[in-house]
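Numbering (the numbering used here), first residue to last: 643 to 934.
C-beta atoms are modelled at their ideal positions from N, C-alpha and C, and glycine is treated no differently.
Keep in mind that this is a model prediction, so the values were computed, not measured.
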């Protein structure tokens, strides 16, 4: 075969060079296309991350506002519970003072009964009435003490909730805020690939009718006359009745009426009580008073 001429060889070489150049250009275009697709995907990914960060920021603000509202509610609840506890405590103290006054009055009557061997019907009735009043005051005091303990317990729970809410708010407020969204920088034709949450203890008092001793029958000869004794007792009873009338409310009066009717129903009337007191010697009378 006849060798190609120089012109033909040059044309073939030029054709190969052009073909190689076209392949390089095609490969370059393909690479640029892939880079653009990569950039678009990265851009979409950054937009999604930006939206997620914005949503997280909104949730963070909502949680902060809710924690602040809860804290305010807990503070108000704790204040109300403290007010109720103080009110119940004051009421319990008032009832305790009234009970002590009634108890002192009863003890004074008991001493007079032991010293003077009272046998009058009115005195026995007054003693029973004072005992009933003391029992009612004791019951009221216990109810108030229970109420005070309940308010103290509720106040303690409210305080615990308040502390927990403060801690949660502190955690929310001190948590680092989410990082700012990345800024998208348009890329020119040549692209870089690297992107980065009151016991009040009180002791009960029992109103018991007790005797300090037994008087000798012979001492009755040395006492004042029956008329003088009765007159003095009447004055003392009137004074005690006036003092206790101030602390008596309508409920207590109604309760005393019920007690009186119950005694009448069971046959314990004033005449029977008077007969029992007047029977027997001095020791037996004292025993009758103690058994009332």
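Looking only at its own chain, which residues have a Cβ that is under 8 Å from the Cβ of residue 737, when we skip the five neighbours before and after it?
Result list for residue 737: 779, 782, 783, 786, in chain order.
Would you give the residue range spanned by the alpha helix (DSSP H) that residue 950 belongs to?
For the chain, the structure presents residues 643 to 934; residue 950 sits outside this window and is missing.
Starting from the Cα of residue 793, find the closest Cα among 743, 741, 751, 723 and give me that residue.
When only C-alpha atoms are compared, the closest one is 723.
State the CB to CB distance for the pair residue 800 and residue 730, rounded to an integer number of angstroms; the pair is presumed to be in contact (CB under 8 Å).
15 Å between Cβ atoms; not a contact.
Look up residue 644 in the DSSP assignment and say whether it is helix, strand or coil.
Residue 644: coil per DSSP, three-state reduction.
Could you tell me the distance, in whole angstroms, from the CA atom of residue 645 to the CA atom of residue 651?
One C-alpha to the other measures close to 9 Å.
Alpha carbon to alpha carbon, what distance is there between residue 813 and residue 775?
Their Cα atoms are separated by approximately 57 Å.
Which residues in the same chain as residue 716 place their Cβ atom closer than 6 Å to its Cβ, once the five residues preceding and following it in sequence are excluded?
Cβ within range, chain order: 803, 804, 807.
Distance, Cα to Cα, residue 769 vs residue 753?
Between residue 769 and residue 753, the C-alpha separation is close to 12 Å.
Just to confirm before moving on: does the CB-CB distance between residue 810 and residue 709 stay below 7 Å?
Contact: yes.
Quick one: using the 10 Å Cβ neighbour count with 16 as the cut-off for buried, is residue 981 buried or exposed?
Nothing can be reported for residue 981, as the shown portion of the chain is limited to 643 through 934.
Smallest Cα separation from residue 725: which of 877, 744, 657, 790?
Residue 790 is the option with its Cα nearest to residue 725.
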